[in-house]
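Participant:
Residue numbers (our numbering): 2 to 579.
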């Protein structure tokens with residue numbers, strides 16, 4: 002696929018070098034931070050985020066009322082039900098609240114709806130079950146903001162509800178509950194991008210400040226906060242960066258039996274855990290139970306009180322993840338077969354028999370491959386469940402909002418959403434979304450791009466730079482891995498093709514500076530010739546294996562001189578150093 006390379010605007014090398022000396026950091030790291038809009042006075046806090054800089058949880062609208070109601074429930078020995086979403090964000094959030102209640106010596110109960118039979122969010126039957134079991138208080142995790150009718154029903158039954166959520170709010174909030182959501186109207190909380198588990202952490206942080214709860218350390222749950230935050234693919238800036246950075250450090254030495262078993266079953270070691278392994282090894286195994294069977298298994302794993310129980314549950318999740326992988330691969334092939342030769346601006350595909358728990362993975366795959374907003378639907382009877390993924394210039398949440406007369410329900414974010422609709426409305430949904438996209442998306446918006454942090458010579462890549470760049474992690478949305486452009490270099494050894502689309506070779510400059518390089522699913526690899534001058538974009542990495550370190554470049558793309566496949570264009574505009 003054609004990709005544009007977007008380069009930074011004019012380089013202020015003198016300023017970078019002055020700051021480099023002042024802060025004892027590599028000039029290329031300084032340039033990268035500038036390109037990402039990090040002000041000079043914020044550099045140290047960005048590179049070394051501190052827990053003390055987390056916002057006061059009581060700035061969140063509803064926090065005083067929520068803590069007061071929970072403390073009353075604890076004091077009166079009321080029955081508390083934690084009700085969560087079935088993804089990793091929800092599972093992590095539910096587990097944190099249950100662990101907190103366990104430490105407060107209160108018996109907490111939990112309920113996670115079945116994805117296929119009950120769908121997302123609070124549902125009337127679950128509320129009725131909670132009432133029949135004598136629950137006095139329901140606390141939702143990662144859901145509930147749009148559950149107006151269900152909350153009113155709970156009120157009628159005499160069950161109180163506290164909503165903790167982070168999703169965009171559709172319609173009016175129920176006045177019959179306490180809502181913790183940084184995105185609710187008139188909420189002064191300064192950071193709006195928390196994951197669901199982040200909102201729950203703020204609640205626990207607030208509770209731990211109250212008399213009788215001060216012996217409970219909220220930071221002991223940071224391993225679970227990092228797990229849910231990274232898995233939910235929220236921007237890793239601001240508070241999310243603080244929580245993810247410290248949470249990953251906590252995860253490496255976790256005392257949670259379930260996490261330790263999950264790490265082991267995933268073939269990892271504690272010190273080898275980073276955001277990539279959380280996203281591609283740990284999270285999929287936890288997600289698998291919510292996709293194919295019951296997410297309760299994930300909560301039980303994270304609440305395990307013995308290593309033997311934890312390993313039994315972790316192995317079960319590992320088997321389910323293998324099944325999920327095979328199912329997703331089959332559905333991806335079927336989706337490719339359904340794709341029309343002429344793709345609209347929004348791709349809408351549906352097929353009976355597709356598993357509703359896996360359609361989100363297929364949507365992500367199609368979106369990444371074709372760089373279009375995508376809706377994948379699984380019809381069952383007269384209705385269909387759908388999962389949508391989008392691209393930066395198109396809000397799929399707003400798109401669905403404009404089509405809500407066609408939908409039975411929907412919810413989500415700018416980049417991802419879920420929905421349920423009558424099967425007969427699918428063609429009209431496709432037509433309307435494509436019309437909306439035709440009015441808002443240019444052909445340039447439909448071309449993926451790489452944002453390059455700096456042009457470099459290979460001679461500039463020294464030990465100090467490699468070490469400094471690691472300070473930028475954890476990487477994720479709004480904080481990608483650094484990407485550099487080198488010109489007039491060449492591949493200097495035969496290309497070795499390894500498993501899973503991995504390539505290895507060496508990259509050498511005209512002056513003879515040489516690095517081992519690796520690439521995954523590199524486009525146009527069949528055109529690669531040794532010792533032909535090329536331009537490459539790459540990420541420098543330190544690899545560690547058996548106590549040995551080496552420097553490696555991960556190639557993201559390459560072009561021959563004069564090649565017209567994609568463009569090198571657009572000076573980026575930044576709000577960095579002034």
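We put the beta carbon where it would ideally sit given N, CA and C, even for glycine.
Check whether the region 535-553 and the region 505-524 are in contact - that is, three or more C-beta pairs closer than 8 Å.
Facilitator: These segments touch.
Participant: Just mark residue 454 as buried or exposed, buried being the case when its beta carbon has 16 or more other beta carbons within 10 Å.
Facilitator: Residue 454 comes out buried.
Participant: What do you reckon, are the CB atoms on residue 379 and residue 5 nearer than 7 Å?
Facilitator: No, the pair does not count as a contact, with Cβ atoms beyond the cut-off.
Participant: With a cut-off of 8 Å on the beta carbons, I'd call residue 392 and residue 377 a contact; round off their distance for me.
Facilitator: Wrong, their Cβ atoms sit about 15 Å apart, outside the cutoff.
Participant: What residue ranges within the region 104-152 form continuous alpha helix (DSSP H) runs of no fewer than 4 residues, ordered along the chain?
Facilitator: Listed in chain order, the complete alpha helix (DSSP H) runs (minimum 4 residues) inside the region 104-152 are 125-133.
Participant: To the nearest angstrom, how far is the alpha carbon of residue 267 from that of residue 511?
Facilitator: So the two alpha carbons sit approximately 42 Å from each other.
Participant: Give every residue of the same chain whose Cβ lies closer than 7 Å to the Cβ of residue 579, excluding the five residues on either side of it in the sequence, and list them in chain order.
Facilitator: Since pLDDT at residue 579 reaches only 32, below the 50 mark, its modelled position is unreliable, and no value is offered.
Participant: Helix or strand or just coil, what does DSSP make of residue 21?
Facilitator: DSSP places residue 21 in helix when its eight states are reduced to three.
Participant: Looking at the structure shown, is residue 221 part of a helix, part of a strand, or coil, going by DSSP?
Facilitator: In this structure, residue 221 counts as helix in the three-state DSSP scheme.
Participant: State the Cα-Cα distance for the pair residue 477 and residue 197, rounded to the nearest angstrom.
Facilitator: Those two C-alpha atoms are separated by around 17 Å.
Participant: At what residue ranges does the region 370-458 contain a whole run of the alpha helix (DSSP H), taking only runs of 4 or more?
Facilitator: Counting only runs of 4 or more, we get 397-402 and 427-441.
Participant: Do you know whose CA, among 63, 100 and 122, lies nearest residue 84's CA?
Facilitator: Selected option, being the one with the closest Cα: 122.
Participant: In three-state terms, what does DSSP make of residue 255?
Facilitator: Three-state result, residue 255: coil.
Participant: With a threshold of 6 Å, establish whether the CB of residue 544 neighbours any heavy atom of the ligand FMN.
Facilitator: The ligand FMN is absent from the structure shown, which contains no ligands of any kind.
Participant: Apply the 10 Å Cβ neighbour rule to residue 54 and answer buried if 16 or more other Cβ atoms are within range, or exposed otherwise.
Facilitator: Answer is exposed; the Cβ neighbour count stays below 16.
Participant: Whose C-beta lies closer than 8 Å to the C-beta of residue 385 among residues of the same chain, with five residues either side of it excluded?
Facilitator: 351, 378, 379, 421, 422, 423, 424 and 427.
Participant: Any chance the region 142-161 sits against the region 171-178, with 3 or more Cβ pairs inside 8 Å?
Facilitator: Yes: the two stretches touch, three or more of their Cβ pairs being nearer than 8 Å.
Participant: Between which two residues does the alpha helix (DSSP H) containing residue 68 stretch?
Facilitator: 64-76 is the span of the alpha helix (DSSP H), which, as asked, contains residue 68.
Participant: May I ask you to verify whether the region 117-133 touches the region 272-283, counting CB pairs closer than 8 Å and requiring at least 3?
Facilitator: In short, these stretches do not touch, since the Cβ pair count stays below three.
Participant: Taking DSSP's pairing of strands, which residues face residue 351 in a bridge?
Facilitator: Note: residue 351 sits in a beta bridge opposite 378.
Participant: I'd like the list of long-range same chain contacts for residue 467, defined as Cβ closer than 6 Å, with 5 residues on each side in sequence excluded.
Facilitator: These residues qualify, in order along the chain: 541, 543 and 552.
Participant: Tell me which same chain residues have a C-beta within less than 8 Å of the C-beta of residue 236, skipping the five on either side of it?
Facilitator: Taken in chain order, the residues that qualify are 194, 477, 478, 479 and 480.
Participant: Between which residues of its own chain and residue 439 is the CB-CB distance below 8 Å, once the five residues before and five after are set aside?
Facilitator: Around residue 439: 346.
Participant: What three-state label does DSSP hand residue 462 in the structure shown?
Facilitator: In the structure shown, residue 462 sits in coil (DSSP, three-state: anything other than H, G, I, E or B).
Participant: Alpha carbon to alpha carbon, how far is residue 18 from residue 88? Give it in angstroms, no decimals.
Facilitator: Roughly 45 Å separates the two Cα atoms.
Participant: When the distance is taken between beta carbons, is residue 460 closer than 7 Å to residue 514?
Facilitator: Their beta carbons are under 7 Å apart, which means residue 514 touches residue 460 by this criterion.
Participant: Since residue 161 sits in a beta bridge, which residues does DSSP pair it with?
Facilitator: Residue 161 pairs with 138.
Participant: Just reading off the beta strand (DSSP E) that residue 302 is part of, what are its end residues?
Facilitator: Here residue 302 belongs to no beta strand (DSSP E); instead the alpha helix (DSSP H) covers 297-303.
Participant: If we call anything under 7 Å between Cβ atoms a contact, is residue 142 one with residue 94?
Facilitator: Yes, Cβ-Cβ distance for residue 142 and residue 94 is below 7 Å.
Participant: Do you know whose CA, among 30, 81, 224 and 183, lies nearest residue 111's CA?
Facilitator: Nearest C-alpha to residue 111: 81.
Participant: Taking the straight line between their C-alpha atoms, what separation do you get for residue 576 and residue 10?
Facilitator: For residue 576, the predicted model reports a pLDDT of 40, less than 50, meaning its position is unreliable; a value from the coordinates is still stated below. Going by the C-alpha atoms only, they are around 11 Å apart.
Participant: For the region 218-231 against the region 241-248, do three or more pairs of beta-carbon atoms, one drawn from each stretch, fall closer than 8 Å, so that the two count as touching?
Facilitator: As far as the Cβ criterion goes, the region 218-231 touches the region 241-248, which means the pair count is three or higher.
Participant: Could you check the C-alpha separation between residue 323 and residue 316 for me, to the nearest Å?
Facilitator: Each residue's alpha carbon lies about 11 Å from the other.
Participant: Mapping the DSSP letters down to three states, classify residue 539 as helix, strand or coil.
Facilitator: Strand at residue 539.
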